[in-house]
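First residue of the sequence shown? That's 68 in our numbering, and the numbers climb one at a time after it. Where is the CB? At the ideal position from N, CA and C, for every residue including glycine. Quantities reported herein were computed from a predicted structural model and do not represent experimental measurements. Structure first, then comments.
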Amino acid sequence: EALIKMEKSMPSNAPKKVLEMSNDEIDDHIYNAIVDAILNRQLAPGARLVEAPLCEAFGVTRGVLRRVFVKLAHDKVIEIQPNRGALIAKHSVHETKEVFEARSMLEIATVKKLAQKSHNLDFSELRGLVDQESHERLAGNWAEWIKLSGQFHLKLIEANQNTIMTSYLQTLIARTSLLIGLYEIPKHNNCSADEHRAILDAIEQGDEKRATQLMEEHLEHYATTFIEEDSTASAEQNLLNLFKNKKIESI
68 EALIKMEKSM
78 PSNAPKKVLE
88 MSNDEIDDHI
98 YNAIVDAILN
108 RQLAPGARLV
118 EAPLCEAFGV
128 TRGVLRRVFV
138 KLAHDKVIEI
148 QPNRGALIAK
158 HSVHETKEVF
168 EARSMLEIAT
178 VKKLAQKSHN
188 LDFSELRGLV
198 DQESHERLAG
208 NWAEWIKLSG
218 QFHLKLIEAN
228 QNTIMTSYLQ
238 TLIARTSLLI
248 GLYEIPKHNN
258 CSADEHRAIL
268 DAIEQGDEKR
278 ATQLMEEHLE
288 HYATTFIEED
298 STASAEQNLL
308 NLFKNKKIES
318 I
């Protein structure tokens, strides 16, 4: 569910008309705006989400905002702490490694099966996705690149037509996307499109051993690039200014 929210088109800067939106759409609008701010590195781990400026920025009541906070907390985007309110979640290196370990279990088995039946598969859509991913990364469109990178892995597992595995991976990719958005990755080339192409090549060639090796190395290298975040408090953000173009207006 979190992935679906995160992969929606980025909200328009034009104000949203409240009578055109259901409660769920209003919630998604606010949810997506906060997630996009994280993916664009505008909200750092530990940053406080103060209710008053957010309510003013979005044009909603505290009740609506708190309803969204519950969803964000459920998806581990934020933490709600007594006497401090809502904060952008902090994640440990240990938690990151667990997420990638779980992904490895699913995705290594996936590429092995795909290589076994590669002659029955069409990879043109995946190759187009990788080209788009490479373009967005080179253009510096960070948030869009993160979404496309996650979509590549999801489309790969969807090709196996196993809905249970796809559902599990959706949750894991959502967590991964947030980790990428929250933390700078200083050494590795960020889930590179070149690595995605190499994985696709091995699958298309029916090379199970090569495909599984590349996917294992890809995820392992990716996981080790995350570093422990500082424990110092994040600077206060001007939330009203940050979300000023996301207001929901009455008509």
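| Query | Result |
| --- | --- |
| Going straight from the alpha carbon of alanine 269 to that of histidine 288, what length do you get? | 18 Å |
| Assuming leucine 306 and valine 117 form a contact by the criterion Cβ under 8 Å, report the distance between their Cβ atoms to the nearest whole angstrom. | 6 Å |
| Residues in its own chain within less than 8 Å of glutamine 199 by CB, not counting five upstream and five downstream? | Leu215 |
| Report yes or no: do the region 95-110 and the region 132-147 share at least 3 C-beta pairs separated by less than 8 Å? | yes |
| Determine the extent of the alpha helix (DSSP H) in which alanine 153 is found, giving its start and end residues. | First-last for alanine 153: 152-155, but that is the beta strand (DSSP E), not the alpha helix (DSSP H). |
| Looking at alanine 169 and leucine 245, is the spacing between their C-beta atoms short of 7 Å? | no |
| Give me the Cα-Cα distance between glutamine 272 and phenylalanine 190, rounded to the nearest whole angstrom. | 12 Å |
| Check glutamine 280 in the structure and name its three-state DSSP category. | helix |
| Going by DSSP, what residues sit across from arginine 115 in a beta bridge? | Leu154 |
| If I follow the unbroken beta strand (DSSP E) through glutamine 183, where does it start and stop? | No beta strand (DSSP E) holds glutamine 183; the alpha helix (DSSP H) holding it covers 160-183. |
| Could you give the distance in angstroms between the alpha-carbon of lysine 184 and the alpha-carbon of glycine 152? | 51 Å |
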